[in-house]
Amino acid sequence: MMDKKNLLIIGGSYFTGRVFVEEIIKNNEYNVFVYNRGNLPLKKKGVKELIGDRDDIHRIKEVIPDIEWHALIDFCAYTPEDIEKMFISLPGTFRQYIFISTATVYEESVNLPVKEDAPKLTKLQPQLGEYADYGFNKWRSECKLREMCATRKAVYTVLRPAIIYGKYNYAPRESYFFDLIRDNQPIVIPDKPIALFSFAWVTDVARLVVKCIGNEKVFNREFNIAAEDLVSYERFIQVLESVTEKRLTPMTMSVDEINARKIPLPFPLDQHLIYSGLRLNHTLAYKHIPFEDGMRRTYAYYQWLQKRRHSHL
Numbered sequence: 094m095m096d097k098k099n100l101l102i103i104g105g106s107y108f109t110g111r112v113f114v115e116e117i118i119k120n121n122e123y124n125v126f127v128y129n130r131g132n133l134p135l136k137k138k139g140v141k142e143l144i145g146d147r148d149d150i151h152r153i154k155e156v157i158p159d160i161e162w163h164a165l166i167d168f169c170a171y172t173p174e175d176i177e178k179m180f181i182s183l184p185g186t187f188r189q190y191i192f193i194s195t196a197t198v199y200e201e202s203v204n205l206p207v208k209e210d211a212p213k214l215t216k217l218q219p220q221l222g223e224y225a226d227y228g229f230n231k232w233r234s235e236c237k238l239r240e241m242c243a244t245r246k247a248v249y250t251v252l253r254p255a256i257i258y259g260k261y262n263y264a265p266r267e268s269y270f271f272d273l274i275r276d277n278q279p280i281v282i283p284d285k286p287i288a289l290f291s292f293a294w295v296t297d298v299a300r301l302v303v304k305c306i307g308n309e310k311v312f313n314r315e316f317n318i319a320a321e322d323l324v325s326y327e328r329f330i331q332v333l334e335s336v337t338e339k340r341l342t343p344m345t346m347s348v349d350e351i352n353a354r355k356i357p358l359p360f361p362l363d364q365h366l367i368y369s370g371l372r373l374n375h376t377l378a379y380k381h382i383p384f385e386d387g388m389r390r391t392y393a394y395y396q397w398l399q400k401r402r403h404s405h406l
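Numbering (my numbering), first residue to last: 94 to 406.
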């Protein structure tokens, strides 16, 4: 019987990382270790939870075992310093570093869909307010990863998801609309909803990460993660009607009025976010779930969560 391979997951307690852990433990091939601050324990059989902050170099050296890691999967590096500290302080050796980046590393483009070789950000994005440095720092982190892997003779895989939705999502995206429907509140959308968006169901993202582990086809390469569906605000409303089985009559407003009223719509009002995920889909022979099916499962989870919360009141 072959020895199990050791996987180290940085993060792994929230959203995509949590779903990834649920997927990877279905495979009895790995010893799964998770390193994070322990704020949301996984309590999963077969998962060794290591408690510590990734900024604490001494804690990393103290808590993480000094063993051979088949792969390191990093869900929560946001700066090049995050990457560098992990390389400097990580006990043991690793073969592959899988970094969950973001599709927002790209410059705004009219050449759509955006592919992996499109121009990357060269500066902060002040128009995004508190997220002004997010995409730029993720890109800088990718660059640091390539640099550090070269010095360690390790391989990297960079994954850039589009808009992720699904269970455990802490960002008010689909839940923003579900809450309005639950509370019988009006849904506002732009009166000229021309913007189109690429999405990725969280379980598809997790399964793609699983498929990347130890796969030579993805070594030292970068990939977008995006389903083929292109979704507008109008299409989003249609899908909401289908999955909630409720008739919805959204209010339309101009972009200027929505902005003036500070209505917190979760997607851009007049800007496309369209990415091509074909490179990874072809490389791994993977087909994403249709958007409506993913949203139906997401809404089922939302309903379950609402009932659970209500039962604890």
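Glycine included, each C-beta is placed from N, C-alpha and C at the ideal position. Remember, predicted model here, so these are calculated numbers, not experimental data.
7 Å Cβ shell around residue i - same chain, five flanking residues per side excluded
i	result
M94	Because M94 carries a pLDDT of 46, less than 50, the predicted location of this residue cannot be relied on, and the following value inherits that uncertainty. So no residue of the chain qualifies.
Y263	Y107 and F108
L377	L301 and K304
Y394	K260
E122	K97 and K98
D386	none
Check whether residue i and residue j have beta carbons under 8 Å apart
i	j	result
V281	M346	yes
I157	L143	yes
A293	P254	yes
P357	Y249	no
G185	I153	no
A319	Y368	yes
K216	F229	yes
F290	L366	yes
E200	P212	yes
N124	G105	no
L341	E334	yes
F271	D322	no
Whole-angstrom C-beta distance between residue j and residue i, which should lie under 8 Å
i	j	result
S202	L252	No, S202 and L252 are not in contact; Cβ-Cβ is about 20 Å, not under 8 Å.
I117	R147	Not really, about 20 Å apart at Cβ, beyond 8 Å.
Q189	G370	Contact doesn't hold; Cβ gap of about 21 Å is too wide.
D297	I382	6 Å
I274	K339	6 Å
V140	V114	6 Å
A164	F187	7 Å
L100	I166	7 Å
P265	P173	Actually they are not in contact, since the Cβ atoms of P265 and P173 sit about 29 Å apart, beyond 8 Å.
DSSP state of residue i mapped onto helix, strand, coil
i	result
T197	helix
D276	coil
R188	strand
M94	Reliability of the predicted coordinates at M94 is poor, the pLDDT of 46 falling under 50, and no value is obtained from them.
P173	helix
T345	strand
R253	strand
L366	strand
V298	helix
L205	coil
I102	strand
K237	helix
K216	coil
L323	strand
6 Å CB neighbourhood of residue i in its chain, flanking five on each side removed
i	result
K231	S194, T195 and V198
P286	S325, Y326 and E327
L238	I176, F192 and Y249
G131	I144
F316	L252, R372 and L373
Chain-order list of residues whose beta-carbon lies under 8 Å from that of residue i (same chain, five-residue window excluded)
i	result
I181	I150
M344	P279, I280, V281 and I282
V295	F108, T109, V112, I257, Y258, G259, K260, Y261 and N262
N352	L362
N- and C-terminal bounds of the beta strand (DSSP E) containing residue i
i	result
E142	V140 to I144
L165	E161 to D167
S291	F290 to W294
N317	R314 to I318
Y107	Unbroken run through Y107: none, as it is neither H nor E.
N262	It is not in any beta strand (DSSP E) - N262 carries neither H nor E in the DSSP assignment.
N129	Y123 to N129
V311	Run containing V311: none; DSSP gives neither H nor E here.
I282	V281 to P283
Start and end residues, alpha helix (DSSP H) containing residue i
i	result
H151	I150 to V156
E385	F384 to S404
P359	Counting along the chain, P359 falls outside any alpha helix (DSSP H), and DSSP gives it neither H nor E.
R372	L371 to L377
Beta carbon proximity, residue i to chain E, threshold 8 Å
i	result
P361	Considering every chain present, this structure includes no chain E. It has just one protein chain.
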